[in-house]
Amino acid sequence: MEIEKNNKVIGKTLFLIINLMVAVFAISILIGSVDAQCVPGEPCPTDSGGSSGGGVLPSLNTAPAPSNAPNPNSGQAGVSLSDLSKGGSSIDLGATANPANPGQTMEEQFGEGNAIFNNPGGATVQPSDGRTGGGSIGQPQTDISGQSGGATGGGSQGGVPDYGGGQVGGGSQQAPVYGPDGNIVPGSGGFGPGNVPAPGVGGAIEGYMDNLMSNLGQVAMIGGIGAALGGFAGGKDGTMYGALSGAAGAIAYQFAKQMGMSGLKSGLIGLGVGLAIFILTYKKESKEIVEFICLPWQAPIGGSDCEKCNDLEECSEYTCKSLGQACDLVNVGEKEQMCIWKNPHDTNSPTIEMKSVSKDHKFFPDKSIRPPATGVEIKNPSGANNCIKAFTPLEFEFITNEPAQCKIDYNLTSDSKEAFNMMTYFVGGVSTFIYNHTEKLALPGPSAINFEAPELQNDGTYTLYVRCQDANGNFNVNPFSVRFCVEKGPDTTPPLIVNVSIPSRSPVQFNLSEIDLEVYVNEPSDCKWSHENRDYDQMENEMTCSNQLWEMNNENTYTCRTTLTGIESRKENIYYFKCLDKPGYDEADRNVNKNSFSYVILGTQPINIIDFGPKLEIFGATDSIPVNLNIKTDNGHNNGEAICYYSITGDENTYIEFSDTGTNNHTQRQDLVTGEYTYYYKCVDLGGNAVYNQTSFTVETDKLPPFIVRTYKESGELKILTHERAECSYSFIDCNFEIDDGISFTSLDYYSHHSEWNINKKYYVRCKDKYDNQPNPNVCSMIISPFDYGITSSLSGTIEL
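Going by this note's numbering, the letters in the sequence shown line up with residues 143 to 943, in that order.
Spelled out as structure tokens, the structure:
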């Protein structure tokens with residue numbers, strides 16, 4: 143998430159920078175175009191290249207001066223120019239070139255072989271004697287004034303306009319223009335404008351590039367100033383937005399300047415635009431820790447509302463004690479049962495007595511505390527200056543003389559009536575009223591605190607303040623203090639991996655290739671993992687760690703999160719963890735684990751249900767018949783060890799755990815009435831492998847005793863047949879006997895029963911089925927009387943068969 147956020151910021155910044163560069167480029171073109179458009183006969187902007195001869199470029203179709211016209215301050219008296227822009231002009235080389243030597247012609251002044259005559263360019267140079275020169279007008283030369291420029295008036299550099307591409311040379315002389323009256327046209331002659339781009343293609347591009355680089359330089363410089371100011375102002379991305387604001391202001395300034403505004407106005411506009419953008423983009427960022435603690439509800443302090451319970455139809459102990467911490471139910475179970483305020487006049491606060499501290503630590507009475515306050519000092523005899531080691535868990539226990547609710551804080555709150563409520567933390571995170579109180583914490587050393595928050599300048603000494611409150615709201619105004627120091631360092635101990643969210647050697651689901659894991663470290667650290675036992679720097683996979691001091695979790699450790707990949711089924715998967723402490727420090731000052739923390743994940747195979755029940759029909763002799771649901775599992779993790787569930791609908795959220803489960807045999811008793819049933823089974827092993835099945839069966843209730851459906855003599859024996867499986871016995875006396883006490887019939891299938899044949903006896907027969915259904919006491923299933931030729935039997939009389 144952090145990388146994605148940074149990429150978005152970088153992309154946004156690049157987008158803004160590109161837009162600014164496009165704007166600068168556009169303005170540079172605008173400026174270049176304005177400078178390039180110097181039209182003959184029109185006013186033209188000047189630059190610092192030289193003085194202007196009246197501010198007007200001479201027309202290239204200038205009429206020749208009269209022979210008697212004066213020629214003051216001219217570099218080419220009597221020069222005849224006609225449409226030099228078309229390359230077909232002629233120059234009278236016999237004209238006077240130097241006022242100081244009126245008799246010297248231009249050819250004599252510059253020399254016949256000068257480059258002004260020998261550059262082919264399209265303009266024709268004619269000497270006074272009729273000789274035709276072949277050079278193009280406008281090659282940079284040094285004229286009589288000593289200024290660089292062309293030979294023609296206007297001093298174009300690099301060629302004639304439309305064909306060249308240079309700039310008007312600074313200080314080059316121009317030919318005067320004469321009117322019909324023979325006088326020089328005002329504004330002509332003198333030194334030409336300097337550094338004005340000629341209309342040619344080469345001159346325009348060079349002008350644009352000069353302006354672009356100049357403008358970019360201004361934008362960069364002012365943007366840098368804005369970045370410095372933005373960084374000084376702070377806020378979220380202050381440097382970036384400061385730079386962008388400065389650059390935007392510079393562009394606004396350049397644009398306003400080209401619109402003809404004065405430097406002051408342009409500067410104010412640029413400053414205003416930059417300031418407005420910075421204000422709109424400025425974001426001040428601060429961090430604040432918000433801690434959410436969920437604690438059980440507690441009844442109000444005191445007992446002023448206790449007697450309200452006595453007005454209810456029934457005042458239970460729960461209702462009574464919910465009205466106040468000091469409420470108590472007396473005469474329980476008697477007619478006079480009532481809720482009272484116990485000890486309403488109690489004004490004594492609980493007393494606090496230190497009981498024990500962590501192993502290898504000792505506590506002593508703190509003699510620096512002034513009575514009536516009390517407290518202890520905890521020391522580590524093996525530590526430097528008896529101080530405890532940084533990020534080492536410290537645990538201490540104290541007791542109170544009555545059930546009390548205790549709080550602890552790093553800050554000493556006032557001794558007002560609200561002092562207890564103003565304290566921040568409940569001791570041990572427990573808000574109930576108890577006798578024994580335990581606090582566990584781990585604190586950083588002063589070097590870690592001073593590095594992360596230099597303004598705190600912690601010296602490693604801590605004092606914790608404890609107050610305890612009883613049921614009536616009495617608390618010790620003078621807090622019980624616990625003082626100790628933490629070693630100042632330097633910290634030379636590597637970080638310690640205290641725990642992980644999933645225990646090592648835990649199984650995972652078949653075909654699951656990755657798991658999310660949390661690693662808990664005793665101090666802020668950067669952690670990595672690998673499939674091989676390597677040095678920290680060579681481990682490929684980084685964890686995402688909470689490595690700020692204030693990011694300690696409720697177990698006093700720091701959490702690193704990662705996803706372990708490459709899990710293979712049906713084998714042990716070994717991973718190696720290492721951590722590097724003190725994030726933000728120089729690498730030379732950091733401590734790394736020399737030995738890896740080995741972590742194992744067990745790959746598994748699918749789990750199976752190899753047997754289940756019940757099936758078909760279930761019979762019973764009662765309205766509600768006990769039925770045993772049963773499952774046998776195999777494979778999966780640890781040969782079928784699993785937790786099994788049942789449901790009557792099959793919906794995932796309706797499954798109920800078997801009462802006897804956790805191995806590979808699972809049973810659950812159900813008491814069912816007559817009917818047809820379908821049960822859905824689900825078993826899940828420790829790795830998360832799940833298997834499903836279902837069974838259907840019928841429950842029938844049998845409340846009737848067995849019936850004897852036939853009696854006869856066969857092979858010299860008495861035989862009887864029952865309609866269901868049964869046990870039968872008889873007596874020769876009467877029906878008043880227990881079936882188990884009678885003379886048993888012999889049976890192989892429990893349907894056919896036989897005994898000896900005796901014609902001189904009556905057989906009083908009683909039968910019962912497997913559900914113990916039998917005739918009522920002193921009632922026979924049948925009375926049988928054998929005789930020579932047959933049998934008589936009866937239920938309520940004698941029946942001849």
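C-beta atoms are modelled at their ideal positions from N, C-alpha and C, and glycine is treated no differently.
None of the values given here were measured: they were computed from a predicted structure.
Assignment of Asn915 by DSSP, reduced to helix, strand and coil, places it in the coil class. Look at the beta carbons and you see the stretch 731 to 740 touching the stretch 700 to 720: at least three pairs across the two are nearer than 8 angstroms. Contact between Cys786 and Tyr823 holds, since their C-beta atoms are separated by about 6 angstroms, short of 8 angstroms. The count of Cβ pairs closer than 8 angstroms, one atom from the stretch 515 to 534 and one from the stretch 431 to 446, stays below three, leaving the stretches out of contact. By the Cβ criterion, the stretch 536 to 547 is in contact with the stretch 573 to 588, since at least three pairs of Cβ atoms, one from each stretch, lie closer than 8 angstroms. With contacts defined by Cβ atoms closer than 8 angstroms, Thr853 and Ile926 form a contacting pair.
Apart from sequence neighbours up to five positions away, the residues of its chain that approach Arg732 with a beta-carbon distance below 7 angstroms are Leu722, Asp723, Lys724, ordered along the chain. Taking a C-beta distance under 8 angstroms as the contact criterion, Thr704 and Gly829 do not qualify as a contact pair. As far as DSSP is concerned, Lys904 takes part in no beta bridge. Per DSSP, Gln651 has no beta-bridge partner at all. Beta-bridge partners assigned by DSSP to Gly762: Thr843. For Asn563, the number of other beta carbons within 10 angstroms of its own is below 16, and it is reported as exposed.
Separation of Leu758 and Asp891 (C-alpha to C-alpha, rounded to the nearest whole angstrom) is 21 angstroms.
For Leu846, the number of other beta carbons within 10 angstroms of its own is below 16, and it is reported as exposed.
The beta carbon of Phe617 sits closer than 7 angstroms to the beta carbons of Ser491, Phe562, Arg609, Cys610, Gln611 from its chain, once the five residues preceding and following it are set aside; these are given in chain order.
Judged by beta-carbon spacing, Met924 lies beyond the 8 angstroms limit of Ile875, meaning their Cβ atoms are not closer than that value. Only residues of its own chain outside the window of five on either side were considered, and among them Tyr700, Thr701 have a CB closer than 6 angstroms to the CB of Ser688, listed in chain order. Per DSSP, the continuous alpha helix (DSSP H) segment holding Phe562 begins and ends at 561 to 564. A distance of 8 angstroms or more separates the beta carbons of Val650 and Ile767. Pairing Ile743 with Asn770 gives a Cβ-Cβ distance that is not under 8 angstroms. Under the three-state reduction of DSSP, Tyr892 is assigned to coil, being neither helix nor strand. With a cutoff of 8 angstroms on beta-carbon distance, Leu454 and Ser500 are scored as not near each other.
DSSP, reduced to helix, strand and coil, places Lys450 within a helical segment of the structure shown. Less than 8 angstroms divides the Cβ of Leu860 from the Cβ of Trp899.
The stretch 814 to 873 contains, as complete beta strand (DSSP E) runs of 3+ residues, the segments 817 to 826, 832 to 843, 850 to 856, 859 to 864, 868 to 873 (chain order).
Distance between Tyr893 and Phe839, taken at the CA atoms: about 25 angstroms. Setting aside the 5 residues that flank it on each side, Phe568 is surrounded in the same chain by Lys549, each with a C-beta closer than 6 angstroms to its C-beta; the list follows chain order. Within the same chain, Cβ atoms closer than 6 angstroms to the Cβ of Met685 are found at Cys669, Cys702, Thr704, the five residues on either side in sequence being excluded.
At a Cβ-Cβ threshold of 8 angstroms, Ala763 and Thr775 do not count as neighbours. As DSSP reads the structure, Ser667 sits in a beta bridge with Asp723.
In the three-state scheme derived from DSSP, where H, G and I count as helix and E and B as strand, Asn715 is classed as strand. Judged by beta-carbon spacing, Phe533 lies beyond the 8 angstroms limit of Asn696, meaning their Cβ atoms are not closer than that value. When only Cα atoms are considered, Glu456 and Ser446 end up about 19 angstroms apart. In the structure shown, Cys702 falls within a strand segment according to DSSP collapsed to helix, strand and coil. Distance check between Tyr727 and each of Tyr741, Ser667, Pro756, Tyr819 places Ser667 closest, using alpha-carbon atoms only. Taking the Cα of Phe754 as reference, the smallest distance to any Cα among Ile901, Glu478, Asn807 is reached at Asn807.
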